[in-house]
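Student:
Number of protein chains: 2
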Amino acid sequence: MTDILYRSLDVLPHLAVPALLERGRTLCTPRLREAIGRLATPMDTIAAYHFGWTDRDGQPAVGDGGKAVRPALAVLSAQAVGASLETGAIGGAAIELVHNFSLLHDDFMDGDETRRDRPTAWTVFGPAQAVLVGDALCALATEVLLEAPDHSAVRTVDTARAVRRITVATRRMIDGQAQDLSFEHHDRVTIEECLEMEGNKTGGLLACASSIGAVLAGADDAVVEALERFGHHLGLAFQAVDDLLGIWGDPQVTGKPHWGDLRQRKKSLPVSAALAEGGRASRRLTKLLADPEGRGYEDEQQLAERAALIEEAGGRAWTHEEACRQHKTALAALDEVPMPDMVREHFAALAAYIVRREK
Amino acid sequence: MTDILYRSLDVLPHLAVPALLERGRTLCTPRLREAIGRLATPMDTIAAYHFGWTDRDGQPAVGDGGKAVRPALAVLSAQAVGASLETGAIGGAAIELVHNFSLLHDDFMDGDETRRDRPTAWTVFGPAQAVLVGDALCALATEVLLEAPDHSAVRTVDTARAVRRITVATRRMIDGQAQDLSFEHHDRVTIEECLEMEGNKTGGLLACASSIGAVLAGADDAVVEALERFGHHLGLAFQAVDDLLGIWGDPQVTGKPHWGDLRQRKKSLPVSAALAEGGRASRRLTKLLADPEGRGYEDEQQLAERAALIEEAGGRAWTHEEACRQHKTALAALDEVPMPDMVREHFAALAAYIVRREK
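Heads up: the sequence lines are chains A and B, in that order.
Using numbering that gives the first Met the number 0, the first residue of the first sequence is number 0, and each one after it goes up by one.
Using numbering that gives the first Met the number 0, the first residue of the second sequence is number 0, and each one after it goes up by one.
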């Protein structure tokens, strides 16, 4: 099964994406399950629910554990420098733990009740338990990295490097969430502020995902930094697409609530760009978003009007172009790193998928 | 000033405790302030409020930042192996960050509205912000350790050891909090379960505080492990005293709400011991705690009756004896480590203070 999976990657790059995602998942999930198994009850059950492995009663479920873009990138980052898939998988598991720590906490902080078509953990198990499980996942990420030298070829000095980089990424992600939360209470946010927030919130961890295998393998700083730049810009492209899906995505496909971002008055890129444009639609939008009345209780029609105004003011087109610009910058960074052609093509295929995805 | 402080330690050990605590605070606070200063707004303000440095409006305050037992222990653990005060202070700052991460999260999870005589951060700034600042402090702890080789004599390989140990302690602390939360919904908890929970919740981090300076200095595992055992048992003594203060402490002195632990039906050591005793008072207590009626709405008189029943069933005396037993075991572990007499006496003085404190 695993052999077939790996051979199937050896096809046209864009056809390889499902297999690349599946490979990352296949390599990282056993490590994640082992790590989650160490948690005290009921945290193990709650984490398994969150990852989509079980239902709320702890019964096995065929859940949607997310796209698993980060594990796939981590595995490629090991292959890029000639390291083992296992090295990449250790890094991928750590990244996935940090990512899911942030989802558990952010869902609670943002009041989001649905993720991947299921009730979020805090709505099922309560805020205290969801926060605590998030805390545990964050600590487990460091633990998984620091244990690597016990059972793999990874050196202690490289795990220290990896922990340092993942910790900086985690802190940037937390900074980004603080900025995002505070933006909801601002009437307007500049495009620059929004890009800074998204760079922190998404760029840092994607940069880490795209380089952690190389870090664990002891690669040169120059290689690591170029891979980080690739991941950072890919993260900005990812977030731009996320912002588009947050307004114009199909809830049936994204698994997220309709108009969720508009209801929360998120100052995402399309909104910031529309507010900056200054024309008629932009001014009308500015007025609506500054109005404290009905905050959080807007009906479908009001939200649809806002979406139309954002589009009319060019926020949708600008964000789409921004995703393309970031995508291009990411690929330029990738070109700086010597690596096997196949690995480069797979990185590029994942990047194209991230920009074109519908969920 | 600092010189006077250090010379003042050279007196009868029990007289040295205020100076030892002050020294730990003086050495660690600048490092904590520098680390907190890196956080994105408004997290820096919220953290400064939590640490007692500012009031809720960000104005400087002469706050009670807690006893600062952990920084004092960390500094001693460096001195024990002949390392610099700075090495101890780096470890102490990291431990204090993890400790305060847990306070911020636990206060929210437990619904505690007062700490150190002030409203808890989540009641002032909201749960989302308080949780997020806690997340940031936890990541900062790792960051502070990993940066040590950049500006001190600490080696990278020893920071990796220190991060591994603090991460394991953090995970145990989270396990302990999960157990503590679940105990509130159990009618009874055995003494063994309670000791396991308290070992996780308090013992792990005190073990780390009592050894981290030695770990950063590259001490032998045998030395580190003996210091950890000292800290673990000291942590259990600390928690036993905390449990006594949680019921019979003077709120004017502790800064915590009257009968707080009883109101939350915490299964602390005095309660577990009283439930295990089996006599008349024990049976009456069992009945009261199993009664779902009035849960959380008990009046002062009902809570006073419960405290009296716990005392009558021997829960208070047993917990006091347990604190003494753990204190003795801690000192035995300390004896295993060769260290200057003065440092040993200071460790012992802090241990005596922890067992005899009234807040």
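Where is the CB? At the ideal position from N, CA and C, for every residue including glycine.
Please look up how many angstroms separate the CB atoms of Thr40 (chain A) and Ala47 (chain A), rounded, as I've assumed it's under 8 angstroms.
Tutor: The beta carbons of Thr40 (chain A) and Ala47 (chain A) sit about 11 angstroms from each other, so the pair does not count as a contact at 8 angstroms.
Student: Mind pulling the chain B residues with CB within less than 7 angstroms of Thr158 (chain A)?
Tutor: Ala159
Student: Starting from Val153 (chain B), trace the alpha helix (DSSP H) in both directions and tell me its first and last residue.
Tutor: Looking at the DSSP string, Val153 (chain B) is not in any alpha helix (DSSP H), and its letter there is neither H nor E.
Student: Please state the DSSP three-state secondary structure of Pro59 (chain A).
Tutor: strand
Student: Starting from the Cα of Leu284 (chain B), find the closest Cα among B:Leu136, B:Ala273, B:His319, B:Pro291 and give me that residue.
Tutor: With distances taken between Cα atoms, Leu284 (chain B) lies closest to B:Ala273.
Student: Any contact of the region 85-104 of chain A with the region 140-148 of chain A, i.e. 3+ C-beta pairs under 8 angstroms?
Tutor: yes
Student: Between Leu226 (chain A) and Ala213 (chain A), how many whole angstroms is the CB-CB distance? I'm expecting something under 8 angstroms.
Tutor: 6 angstroms
Student: Report yes if the CB atom of Gly293 (chain A) is closer than 8 angstroms to the CB atom of Leu235 (chain A), and no otherwise.
Tutor: Taking a C-beta distance under 8 angstroms as the contact criterion, Gly293 (chain A) and Leu235 (chain A) do not qualify as a contact pair.
Student: Any chance you could list the alpha helix (DSSP H) runs of at least 4 consecutive residues sitting entirely within the region 146-188 of chain A, in chain order?
Tutor: Entirely contained in the region 146-188 of chain A, the alpha helix (DSSP H) runs reaching 4 residues are, in chain order, 155-182.
Student: Flag this pair as touching only if the region 173-190 of chain A and the region 63-81 of chain A have three or more C-beta atom pairs under 8 angstroms; answer yes or no.
Tutor: Between the region 173-190 of chain A and the region 63-81 of chain A, the count of Cβ pairs shorter than 8 angstroms is below three; the stretches do not touch.
Student: Can you tell me where the alpha helix (DSSP H) with Asp111 (chain A) in it begins and where it stops?
Tutor: From DSSP, Asp111 (chain A) is part of no alpha helix (DSSP H); its letter is neither H nor E.
Student: Can you name, in chain order, every residue of its own chain whose Cβ lies under 8 angstroms from the Cβ of Leu31 (chain B), other than the five neighbours on each side?
Tutor: The answer, listed in chain order, is Phe50, Ala92, Glu95, Leu96.
Student: Just to confirm the assignment: which complete alpha helix (DSSP H) runs, minimum length 4, are found wholly within the region 200-283 of chain B?
Tutor: 203-208, 211-215, 220-247, 250-253, 259-262, 268-276
Student: Are the C-beta atoms of Val167 (chain A) and some chain B residue less than 8 angstroms apart?
Tutor: Closer than 8 angstroms to the CB of Val167 (chain A) there is at least one CB belonging to chain B.
Student: For Pro337 (chain A), count the other beta carbons within 10 Å of its own beta carbon; 16 or more makes it buried, fewer makes it exposed. Which is it?
Tutor: exposed
Student: Would you check if the region 123-132 of chain B and the region 190-208 of chain B touch, i.e. whether three or more CB-CB distances between them fall below 8 angstroms?
Tutor: no
Student: What three-state label does DSSP hand Thr25 (chain A) in the structure shown?
Tutor: helix
Student: Can you pull the chain B neighbours of Met108 (chain A), defined as C-beta to C-beta under 7 angstroms?
Tutor: The answer, in chain order, is Ala127, Val130, Leu131.
Student: Could you tell me which of B:Glu183, B:Thr44, B:Val153, B:Phe346 sits nearest to Glu85 (chain B), measuring between CA atoms?
Tutor: B:Val153
Student: Ends of the alpha helix (DSSP H) at Glu192 (chain A)?
Tutor: 190-197
Student: To the nearest angstrom, how far is the alpha carbon of Phe182 (chain A) from that of Arg171 (chain A)?
Tutor: 16 angstroms
Student: Does His104 (chain B) pass the burial test, meaning 16 or more other C-beta atoms within 10 Å, or should it be called exposed?
Tutor: buried
Student: Leaving out five residues before and five after Thr328 (chain B) in sequence, what residues of the same chain have Cβ atoms less than 6 angstroms from its Cβ?
Tutor: His232
Student: Starting from Cys193 (chain B), find everything on chain D with Cβ-Cβ shorter than 8 angstroms and list it in chain order.
Tutor: The question asks about chain D, but that chain is absent: this structure's protein chains are A and B.
Student: For Arg32 (chain B), which of helix, strand or coil comes out of DSSP?
Tutor: helix
Student: Taking buried to mean at least 16 other C-beta atoms within 10 Å of its own C-beta, is Cys193 (chain A) buried or exposed?
Tutor: Classification for Cys193 (chain A): buried.
Student: If you drop the 5 nearest sequence neighbours on each side, which residues of the same chain put their C-beta closer than 7 angstroms to that of Gly278 (chain A)?
Tutor: Ala312
Student: Just confirm the distance between the C-beta atoms of Arg305 (chain A) and Leu261 (chain A), as a whole number of angstroms; I'd bet it's less than 8 angstroms.
Tutor: That belief holds up - the Cβ atoms of Arg305 (chain A) and Leu261 (chain A) are roughly 5 angstroms apart, short of 8 angstroms.
Student: By Cβ distance below 6 angstroms, which residues in the same chain neighbour Ala280 (chain A) in space, the five residues on each side in sequence not counted?
Tutor: Leu308, Glu311, Ala312
Student: Can you give the Cα-Cα distance for Leu302 (chain B) and Ala60 (chain B), rounded to whole angstroms?
Tutor: 34 angstroms
Student: Consult DSSP for Pro118 (chain A) and reduce its assignment to one of helix, strand or coil.
Tutor: In the structure shown, Pro118 (chain A) sits in a strand (DSSP, three-state: E or B).
Student: Check each residue of the region 36-47 of chain B: if its Cβ is closer than 9 angstroms to any Cβ of chain A, include it; give the result in chain order.
Tutor: Arg37, Leu38, Ala39, Thr40, Pro41, Met42
Student: Just grab the DSSP bridge partners of Thr53 (chain B) for me.
Tutor: Thr53 (chain B) pairs with B:Pro59.
Student: Take Ala73 (chain A) as the anchor and find which of A:His345, A:Arg355, A:Val354 has the nearest alpha-carbon.
Tutor: Of A:His345, A:Arg355, A:Val354, the smallest CA-CA separation from Ala73 (chain A) is found for A:His345.
Student: Let me confirm a value: Met0 (chain A) is counted as buried when at least 16 other C-beta atoms fall within 10 Å, else exposed. Which label applies?
Tutor: Any reading at Met0 (chain A) must be qualified, since the residue scores a pLDDT of 42, below 50, and its modelled position is unreliable; the value itself is stated next. The residue in question, Met0 (chain A), is exposed, as its Cβ has fewer than 16 Cβ neighbours within 10 Å.
Student: Which chain A residues sit within Cβ distance under 8 angstroms of Ser181 (chain B)?
Tutor: Under the 8 angstroms cutoff, chain A gives Thr40, Pro41.
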